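To start, the structure under review is shown below, and the notes come after it.
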Amino acid sequence: MKLGRFSKQLMKLAPIFVSALFVGSVSAQDHGHDHGDHHDSPNTEAHAAHGAHHDHDAEPITAGTFITNHIADAHDIHWLGDVHIPLPVILNVEGHGLQVFMSSAFEGHGHGDRKFALSEEVLLTLHGEHPADGQNPGSISAVDANGNHLEVLDLSITKSVFGLLFILTVMVLLFRSVAKSYAKRPGRAPQGMSNLMETLIVFLRDEVAKPSIGKEADRFMPFLLTVFFFIFFSNLLGLIPFIGGFNITGTLGVTIVLASLVFAITTINGNKEYWMHVFAMPGVPKWVLAILTPIEIIGLFLKPIVLMIRLTANITAGHIIILAFTSLIFIFSKGGESIGVGSGIGVFSTAFMIFMYMLELLVAFLQAYVFTLLAALYFGDARQEAHH
Amino acid sequence: MELLTILLEIGQGLAGLGAGAAAIGAGIGVGRIGGSAVEAMARQPEAAGDIRSTMIVAAALVEGVALFGVIVSLLVALG
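Here it is as structure tokens:
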């Protein structure tokens, strides 16, 4: 099979990625996979739980917790059933400096609190689904020997961060190889991966950037292209089942950064016309200005915020719908008791799930396109010419 | 049960109502967009491609606003 340059590069790096994941999972099998402490989760409430998630935990799981587990971030990657791939935990514990260790150091694999004695003085707890006293699920807290609460700054490589780094690697490899192939074949038609990327890149330049920004479109193209492909690839990564459920663009933390970048670039590049239009729209009587200027100022900040929420909400909602259809099967089969009902619902639910997956593929591309289009419009606004 | 607990439970239940209302908003909004788009395509079949792309973009924007409501309901229900 004839492989292009990008595919060859990915194949060279793939063994590194895959063995890194599997080495991690082997060490996870060694640490604390203690069947003794699986029945100790005291926090399962009497929720008339109908979940049929009979993994090694033997704990009934409600649909709500099942869904939130797959959308929220985590300190390990829960692959294909029982395999937990641990990820590095990087903490700054108050008074004890920077600590780095693998998340397999936390005992147990259950859904309750998992503890790890960092040293004689410090006890760390990785909170599970129903944490005590107001902690967030999935967060890490520390107490010292006297029971005092220590401040923890969590800088770990979590599942989303790992996904981010993976997307980063894929994008760098992909576009470096595309650029090199253009340099090596000057004046000829592109081939392979470059051909595919050229379609999208030219589409973004001619249909999104040039109509919105005009002459200076090329200045903003690097940012627009990066943002488009990052959002598109991250959305696609989140749709792949069985690899642990990545939800990169569905976290407010990531989208707020993207929106802030758009805000920063708009503000820095704003020319005189732009600021005039915000603070003192020309050709408008004074008494209307008194109402219009506050609205424009609010709009300055509101537009990036809406960008952020639109992307997060669309992607998270898509994941929730797919997960909800999956858990429907388990809810209706009442934990394996009525297989007949379960199978019947299963057929219907799977069909709907496939339809939702198609819709989510469209949404993955569409949300990336809408984000890029609006960013281009804001940039064009910032560089507008006086048109009288 | 205490009044406060009851009110908290009602609050969480109302989150479900809120999400439903957001869905109504999305349905009405996107339905109108689709309707106008189809009508426009019937009037001028040559512009069908342009109208189709504009319709999809407008639907994404309107859905963004409706999903605002969904996010707030989620925050209430799960927090």
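Residue numbers (this note's numbering), protein chains in the order written: chain A, 35 to 422; chain B, 539 to 617. C-beta: ideal position from N, C-alpha, C; glycine also. All of these numbers come straight from a predicted model, not from anything done at the bench.
With respect to the 7 Å criterion, M205 (chain A) and F40 (chain A) are not classified as neighbours on the basis of their beta carbons. The distance from the Cβ of G567 (chain B) to that of A604 (chain B) is about 7 Å, consistent with a contact at the 8 Å cut-off. Contact between the region 349 to 364 of chain A and the region 261 to 281 of chain A is established, with three or more Cβ pairs separated by less than 8 Å.
L395 (chain A) is outside the set of residues whose beta carbon lies under 7 Å from a beta carbon in chain B.
Three or more Cβ pairs closer than 8 Å define a contact, and the region 292 to 303 of chain A meets that threshold against the region 398 to 413 of chain A. Between H161 (chain A) and S173 (chain A), the CB-CB gap stays under 7 Å.
The criterion of a C-beta distance shorter than 7 Å is not satisfied by A166 (chain A) and V127 (chain A).
G181 (chain A) carries a coil assignment under DSSP once its states are collapsed to helix, strand and coil.
The region 330 to 345 of chain A makes no contact with the region 236 to 256 of chain A; the number of CB pairs closer than 8 Å stays below 3. Selection A:G317, A:L408, A:A106, A:F100 evaluated against M342 (chain A) yields A:L408 as nearest (Cα-Cα). Annotated three-state conformation of Q133 (chain A) is strand, per DSSP. Around V608 (chain B), the beta-carbon contacts reaching into chain A at under 7 Å are A347, A351.
By the Cβ neighbour-count rule, N269 (chain A) is buried, with 16 or more other Cβ atoms within 10 Å of its own.
In this model, H109 (chain A) and M231 (chain A) are separated by some 34 Å (Cα to Cα). Where A402 (chain A) is concerned, the enclosing alpha helix (DSSP H) starts and stops at 373 to 416.
A check of alpha carbon separations from L395 (chain A) across A:S294, A:V288, A:L273, A:L259 identifies A:L273 as the nearest. In the structure shown, I191 (chain A) adopts coil according to DSSP, grouped into three states. Only those residues of the region 100 to 113 of chain A whose C-beta falls short of 7 Å from the nearest C-beta of chain B are listed: T102. Within chain A, the residues placing a beta-carbon under 9 Å from that of V595 (chain B) are L400, Y403, V404, L407, ordered along the chain. For G558 (chain B), no CB of chain A lies under 7 Å from its own CB, so it is not counted at the interface with that chain.
Beyond the five residues adjoining it in sequence on each side, G284 (chain A) comes within less than 7 Å, by CB distance, of I105, G272, T346, I349, T350, H353 in the same chain, given in chain order. Look at I282 (chain A) here: in three-state DSSP terms it is coil, with no helix or strand label. Contact annotation: T406 (chain A) and L189 (chain A) have beta-carbon atoms that are not nearer than 7 Å.
Boundaries of the beta strand (DSSP E) around K149 (chain A): 148 to 151.
T159 (chain A) has A:K149, A:S175 as its beta-bridge partners, per DSSP.
Between the C-alpha atoms of A97 (chain A) and A243 (chain A) there is a straight-line separation of about 43 Å. The three-state secondary structure of D110 (chain A), taken from DSSP, is strand.
Look at the beta carbons and you see the region 109 to 118 of chain A not touching the region 177 to 187 of chain A: under three pairs across the two are nearer than 8 Å. Residue environment: P338 (chain A) is assigned as buried (16 or more neighbouring CB atoms within 10 Å of its CB, all protein chains considered). Per the DSSP secondary-structure output, I119 (chain A) pairs in a beta bridge with A:I111.
Between the region 354 to 363 of chain A and the region 381 to 394 of chain A there are three or more inter-stretch CB-CB distances shorter than 8 Å, so the stretches are counted as touching. Residues of chain A whose Cβ lies closer than 9 Å to the Cβ of A598 (chain B) are, in chain order, R344, N348, V397, L400, Q401, Y403, V404. The shortest C-alpha to C-alpha distance from Q401 (chain A) to any of B:V608, B:V600, B:A615 is the one to B:V600. Between the C-alpha atoms of V288 (chain A) and V123 (chain A) there is a straight-line separation of about 19 Å. In the structure shown, N229 (chain A) adopts helical secondary structure according to DSSP, grouped into three states. With contacts defined as CB atoms closer than 7 Å, S611 (chain B) and G551 (chain B) fail to qualify as a contacting pair.
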